[in-house]
Every structure is written in structure tokens, then in C-alpha cells.
Amino acid sequence: MKYIYLTFILLASSTYRCADDVVDCNEASKNMIGEWSGTINYTGPYYANGETHNFSLIINSSNECTFKGFSTFEDSNTSFNVSGAIDIYGWVSFIEDDYRFDSGEYLNCVNFESNDNTCETWPYLRWKEGTKYEETRIKIDPNVLTGKIHRPSSFESRWRILRGDYSMSKN
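Here's what the structure looks like:
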């Protein structure tokens with residue numbers, strides 16, 4: 004009887020996915036090319052909870068299952084270079100790698116303040132590079148994406164980690 008239970012548990016928890024769940028990540032990456040508009044709703048840190056930013060994502064190239072572009076924001080001149088990927092199951096993730104244009108919200112704070120403590124609080128920390136957009140899956144409509152954002156960092160305290168939800172659609 005234990006053998007039957009063990010077999011059932013192994014089968015039920017396997018990561019096998021049907022071929023129906025597979026997407027052509029090369030085509031999906033090509034579809035990312037263009038301008039996307041969206042909104043980020045922040046859930047953390049505490050002082051960011053409930054805040055929003057409208058943003059644009061401009062993807063200008065794709066190569067196989069990856070894409071590159073940049074992000075801009077409605078209420079800031081700071082923009083970030085972005086790189087991302089889509090896997091064969093349709094999961095999309097991208098990251099704000101580095102500054103395309105730095106209007107100084109974060110770096111001026113670091114240079115002005117003698118320590119990083121003030122700069123690691125809302126709203127300054129939003130303008131630090133490294134924010135990751137993930138938990139996004141291409142489903143029925145590949146021109147609408149929703150997911151989570153966070154900026155992973157081993158140096159930030161849990162209460163300072165930037166988190167939120169985003170939704171964007173292709174223009």
C-alpha cells in the first residue's frame with residue numbers, strides 16, 4: 004500500500020507539462036518588440052504601499068527567446084535599459100539592468116547624503132537599478148501582461164525591498 008501512495012505522490016507532484024502549455028519563445032520575443040504602456044502598484048516598502056507609477060516599456064530588439072529595450076516613467080526623466088527573456092512555457096521576466104538616463108533621484112541622494120540609509124527609503128530607492136519584473140505568463144492575449152516586481156538585494160532589509168504588481172498592454 005505504501006508503494007501505491009508513494010507512486011501517487013510522485014506522479015501528482017511531477018513537473019511534467021503538456022505540449023499544449025508550450026509556446027514558441029522566439030515568436031513571443033519578436034511580439035514583444037514595440038511600445039507597451041502600464042502601471043506599477045507598489046506594495047512595499049511600507050511607505051510605498053498604495054503608490055503608483057505609469058510607465059512605458061519600449062522593446063527594440065529580440066534574439067531567439069530574449070529581448071532588449073528600455074523603460075521610461077511618466078513622472079521621472081530617469082530611464083533604464085531593460086533585458087528580458089521568455090521561456091518555452093510562456094513565462095516572461097525582465098530586469099532594469101542599468102541607467103539609460105539618470106536624472107539623479109537616487110544617485111544625487113547617495114552623493115548628497117553621507118550614508119545610504121536615507122536613499123534606501125521611498126521614493127529614492129525606486130530609482131535604483133535592478134528592479135525585476137516577473138511572475139508573468141503569456142496566456143490568451145500576448146498583448147497584455149501582468150505580474151510582480153521586486154528588486155532583489157542581499158544588502159537591503161526586508162522592510163526596504165521594493166515590491167509591487169504591474170500590468171501593461173501593447174500600444
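Using this note's numbering, you'd call the opening residue of the sequence shown number 4 and step up by one each time.
All residues carry an ideal CB built from backbone N, CA and C; glycine is no exception.
Computed from a predicted model, the values in this text were never measured in an experiment.
Mind checking who residue 89 pairs with in its DSSP beta bridge?
Under DSSP, residue 89 takes part in a beta bridge, and its partners are 95.
Where residue 103 sits in the DSSP three-state scheme:
strand
Relative to the C-alpha of residue 45, which candidate in 126, 93, 147, 26 has its C-alpha closest?
With distances taken between Cα atoms, residue 45 lies closest to 126.
If you measure between the beta carbons of residue 153 and residue 163, is that distance less than 8 Å?
No, these two residues do not count as a Cβ contact at 8 Å.
Under a Cβ-count criterion, where at least 16 other Cβ atoms within 10 Å of its own Cβ denotes burial, should residue 104 be classed as buried or exposed?
exposed
For residue 137, which residues from the same chain have a beta carbon less than 7 Å from its beta carbon, with the 5 sequence-adjacent residues on both sides left out?
96, 150, 151.
Per DSSP, which one or two residues make a beta bridge with residue 45?
Answer is 167.
Give me whichever residues DSSP pairs with residue 130 in a beta bridge.
Residue 130 is not bridged to any residue.
Mind checking residue 92: buried by the 16 CB within 10 Å criterion, or exposed?
exposed
Quick check on the DSSP output: the alpha helix (DSSP H) that includes residue 65 runs from which residue to which?
Careful: residue 65 lies outside any alpha helix (DSSP H), inside the beta strand (DSSP E) at 55–66.
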